[in-house]
Amino acid sequence: MRKKYREGEKRLIVILSIIAVVVITSILIFAAAQSTNKVQRQEKKAEVKPLKIETPKPCNTGGIVIYTHDGGVYAFYGTFEINNDGRDGKEIEVTMDGYMEANYPHGVPAVNEQYGP
Numbered sequence: 001m002r003k004k005y006r007e008g009e010k011r012l013i014v015i016l017s018i019i020a021v022v023v024i025t026s027i028l029i030f031a032a033a034q035s036t037n038k039v040q041r042q043e044k045k046a047e048v049k050p051l052k053i054e055t056p057k058p059c060n061t062g063g064i065v066i067y068t069h070d071g072g073v074y075a076f077y078g079t080f081e082i083n084n085d086g087r088d089g090k091e092i093e094v095t096m097d098g099y100m101e102a103n104y105p106h107g108v109p110a111v112n113e114q115y116g117p
């Protein structure tokens, strides 16, 4: 009886050993696959072209519509040079070179607010 018991133990040890070998082999294969994927991802990252950010040259031409207190409407077209944009706490200073149109057909402003004196 003891002999049968020992044979059963030996079979159980063999079966558990086979299962352990299969599990360890599976873990090693999984780890190798992950390592290969990581290397492939790093290679793809190395192949990415650098991003080029291009800043266009600023435009200094355009138009402005001016509404006066007495209801006049003027339009200015030409070039604008901003000498001071007011960020330093000083008055805004803009130099304009171009031409104006009086009684510009743009209509009356929607809001009648008065600024200045």
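According to the UniProt record's numbering, the stretch in the sequence shown is residues 1 to 117, in order.
Glycine included, each C-beta is placed from N, C-alpha and C at the ideal position.
Can you tell me whether G71 is helix, strand or coil according to DSSP? coil
I need the DSSP call for T36, collapsed to helix, strand or coil. helix
Starting from D97, trace the beta strand (DSSP E) both ways and give me its first and last residue. E93 to A102
Let me make sure I understand the geometry here. Which of S26, P58 and Y74 has the alpha-carbon closest to that of I64? Y74
Are the beta-carbon atoms of N103 and E93 separated by less than 7 Å? no
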